[in-house]
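> Sharing a structure, written as structure tokens. Questions coming.
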Amino acid sequence: LCPSRPNAETVAATTNGGANKWAIGNYAGNFFVFGDRNVLSTEGKTRLAMLPDGLSQTCMFTERYGTCGNSGQPNDSSTWGNLWADSNLRWRPHFCMNGQEPDAANIASGCNMFQPQPDWIKNCDHGSAQSIHSGGILVTLCDGSVRSISPTIDTAAWKNLCDPMDGNVISGL
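All you need for our numbering is the position in the sequence shown, starting with 1, plus 302.
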């Protein structure tokens, strides 16, 4: 867990009452790196050689709230968790899927821009990563380095950073 996470977010999160005893995490894997875009599955196999943009040009992990919703109610069906111990899609620790299920249109649109410190239960988009820190979001690149990305990053640059196969070079990381 990140020590900077929202205070109301507890160590044991809930998603519609189903995860009360499960631990949350504040980090998530990039669906574009770990998922299988061809069959629209969240379970894939990736080799570093399969990332043509380069290891220093691709976001592999980033921050995410442990509980994320927009209804104002932790036990509402629109509230999602970020659990490392469950394989149910609602609780998987991923970002860049942009929706409830892998969908060709969502994947084609690129990764949703991260949310800079949204209200965890009133204005949190589960399809996006969430910045826990005011100065930006921490990302781990595929080369193992960690960078802080400003909340003012251009949306196109964020999409390029998250897509390991778009062929675009990101400068200034």
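Note that the Cβ used here is the ideal one computed from N, Cα and C, for glycine as well. Every value quoted in this text rests on a predicted model; they were computed, and no experiment measured them.
When you compare each of 368, 307, 433, 376 to residue 454 by their alpha carbons, which one comes out closest?
If we check each option's Cα against that of residue 454, 433 comes out closest.
> By the three-class DSSP mapping on this structure, what secondary structure does residue 382 have?
strand
> Would DSSP call residue 333 helix, strand or coil?
Reduced to three states, the DSSP call for residue 333 is helix.
> Of the residues 359, 465, 356, which one's Cα is nearest the Cα of residue 415?
For residue 415, the nearest C-alpha among the options comes from 465.
> Return the chain-ordered list of same chain residues with a C-beta closer than 8 Å to the C-beta of residue 447, the five sequence neighbours on each side being excluded.
Correct list, in chain order: 358.
> Assuming residue 355 and residue 468 form a contact by the criterion Cβ under 8 Å, report the distance between their Cβ atoms to the nearest whole angstrom.
7 Å
> Using the Cα positions of residue 351 and residue 366, report the straight-line distance between them to the nearest angstrom.
27 Å
> Going by DSSP, what residue range makes up the beta strand (DSSP E) through residue 463?
Note, residue 463: premise wrong, no beta strand (DSSP E); alpha helix (DSSP H) at 457–464.
> Quick one: residues in its chain with C-beta nearer than 7 Å to the C-beta of residue 348, no 5 flanking neighbours on either side, listed in chain order?
335, 336
> Helix, strand or coil: which one does DSSP assign to residue 319?
No answer about residue 319 holds up, because its pLDDT of 49 lies below 50 and its placement is not dependable.
> Using C-beta distances below 6 Å, list every residue in its chain close to residue 307, excluding the 5 sequence neighbours before and after it, in chain order.
328, 434
> How about residue 383 and residue 364: are their beta carbons less than 8 Å apart?
no
> So what's residue 419 in DSSP terms, helix, strand or just coil?
coil
> How long is the line joining the alpha carbons of residue 459 and residue 361, rounded to whole angstroms?
Residue 459 and residue 361: Cα-Cα distance of roughly 11 Å.
> The beta strand (DSSP E) spanning residue 448 covers which residue range?
448–451
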